[in-house]
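Numbering-wise, our numbering comes out as the position in the sequence shown, counting from 1, plus 28.
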Amino acid sequence: MLAITRYCIAAQDADGFAAAADAALAVLAQRPGFVDGFLGRNLDDPLLWTLTTRWRDTGSYRRALSSFEVKAVAVPLLSRAIDEPTAYEVALAR
29 MLAITRYCIA AQDADGFAAA ADAALAVLAQ RPGFVDGFLG RNLDDPLLWT LTTRWRDTGS
89 YRRALSSFEV KAVAVPLLSR AIDEPTAYEV ALAR
């Protein structure tokens with residue numbers, strides 16, 4: 029499954045946001061079921077960012093979010109995301 033969160037980050041906050049995203053990815057990567065993750069910045073609008081993670085299954089993702097370390101490090105960042113659905117089922121892959 030994919031977890032895709034999008035953010036609108038002011039230019040002056042970009043470095044701090046990227047550092048927080050790096051810390052979030054580091055703790056998420058320690059959780060069982062984590063496959064990979066990355067931070068991306070929109071090419072047309074540099075204020076828009078995405079943090080995307082891939083998980084073995086939905087349960088792994090949900091259990092990761094309930095761990096103490098993820099709550100302490102990643103959830104503060106995730107709470108800044110644009111309010112929209114974030115969990116996606118992979119429908120096709122190559």
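Built from N, CA and C at the ideal position, the CB exists for glycine as well.
Leaving aside the five residues before and after residue i along the sequence, list all residues of the same chain whose C-beta is less than 8 Å from its C-beta, in chain order.
| i | result |
| --- | --- |
| TRP83 | MET29, LEU30, ALA31, GLY61, PHE62, VAL63, TYR89 and ALA92 |
| ASP85 | MET29 and GLY61 |
| LYS99 | LEU93 |
| GLU97 | VAL55 and GLN58 |
By Cβ distance below 7 Å, which residues in the same chain neighbour residue i in space, the five residues on each side in sequence not counted?
| i | result |
| --- | --- |
| VAL101 | ALA51, ALA52 and VAL55 |
| ALA109 | THR33, ARG34 and TYR35 |
| GLY87 | none |
Just checking: is the beta-carbon of residue i within a distance shorter than 8 Å of some beta-carbon in chain C?
| i | result |
| --- | --- |
| ASP111 | You won't find chain C in this structure, because it holds only one protein chain. |
Please report the Cβ distance between residue i and residue j, rounded to the nearest whole angstrom; I am assuming they are in contact, meaning their Cβ atoms lie under 8 Å.
| i | j | result |
| --- | --- | --- |
| GLY68 | ALA57 | 17 Å between Cβ atoms; not a contact. |
| ALA49 | LEU71 | Not really, about 18 Å apart at Cβ, beyond 8 Å. |
Quick one: what's residue i bridged to in DSSP?
| i | result |
| --- | --- |
| ARG90 | Looking at the DSSP assignment, ARG90 forms no beta bridge with any residue, so it has no partner. |
| LEU30 | ARG82 and TYR116 |
Give me the Cα-Cα distance between residue i and residue j, rounded to the nearest whole angstrom.
| i | j | result |
| --- | --- | --- |
| GLY44 | ARG122 | 35 Å |
| ALA38 | VAL118 | 31 Å |
| THR114 | GLN40 | 26 Å |
| LEU75 | ALA46 | 12 Å |
| ALA42 | PRO104 | 16 Å |
| ASP111 | THR81 | 17 Å |
| TYR116 | ASP73 | 23 Å |
| LEU120 | SER95 | 30 Å |
Going by alpha carbons, who is nearest to residue i out of the options?
| i | options | result |
| --- | --- | --- |
| LEU106 | LEU71, TRP77 and LEU120 | TRP77 |
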